[in-house]
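See below for the structure under consideration.
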Amino acid sequence: SHIARAFAAATPGIQIVLASRNPTRLQAELSKSINADVSASSIDVTNLESVRSAVNGARTVVSLVGVLHGSTARFEAVQWKGAENVATAAQEVGAKAIHFSAIGADPSSPLVSPRTKGLGEQAVLQVAPTSTVIRPSLVFGPGDSFFSVSSQHLNTHYKFNDLLKL
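Given below as structure tokens:
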């Protein structure tokens, strides 16, 4: 939602398509709070045709595909092939692709997450060479599993006042 807000602030009246597995909650929230035409498209990044339908007519495609847990096959399908599908669809319509990867992404890593993030980066740049790849340390926010699990862990093991004592 922060990326959509930034696009809307920079270009009032812009058309924004939120494409994810479950985009309707975010669409409803953003439609009330930003000056943009916000629509939702439910997609599966592992299915190229699904991605193509969502990016049709786009000038910029921001890809935040990723998973935190699952099988090796799931990581490969989403973080490698899913990233490639998004870049392929963006390239086909002439859109600028911006791909969010992860710090430590490395296609030769023995660990599944950094390996598939690295393979995803390679695939993105192969099919859409002018793509921008961003490697943040972590992307999280309210409502995601990282943020929720971390706050539950802190609340379980520490009293809030203990964390603020100087």
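Throughout the sequence shown, residue numbering follows our numbering, covering -3 to 162 in sequence. Glycine is no exception: its CB is placed at the ideal position from the N, C-alpha and C atoms.
In this model, I39 and S46 are separated by some 5 angstroms (Cα to Cα).
For K28, the enclosing alpha helix (DSSP H) covers residues 20 to 29.
According to the DSSP secondary-structure assignment, F3 is paired through a beta bridge with no residue. The region 18 to 25 makes no contact with the region 58 to 68, as fewer than three CB pairs between them are under 8 angstroms. Secondary structure note for K92: its beta strand (DSSP E) is the uninterrupted segment 92 to 96.
Within the same chain, F71, E72, Q75, W76 come within 7 angstroms of T112 by CB-CB distance, once the 5 residues on both sides are set aside.
The continuous stretches of alpha helix (DSSP H) do not include Q75, and DSSP gives it neither H nor E. The beta carbon of P8 sits closer than 6 angstroms to those of N31, all from its chain and outside the five residues before and after it, given in chain order. Non-local beta-carbon contacts of S105 in its own chain, meaning distances under 6 angstroms to residues more than five positions away in sequence, involve R111 in chain order. Assignment of beta-bridge partners to A36 by DSSP yields L14.
Separation of A36 and L14 (C-alpha to C-alpha, rounded to the nearest whole angstrom) is 5 angstroms.
Within 10 angstroms of the beta-carbon of A6 lie fewer than 16 other beta-carbons, which makes it exposed.
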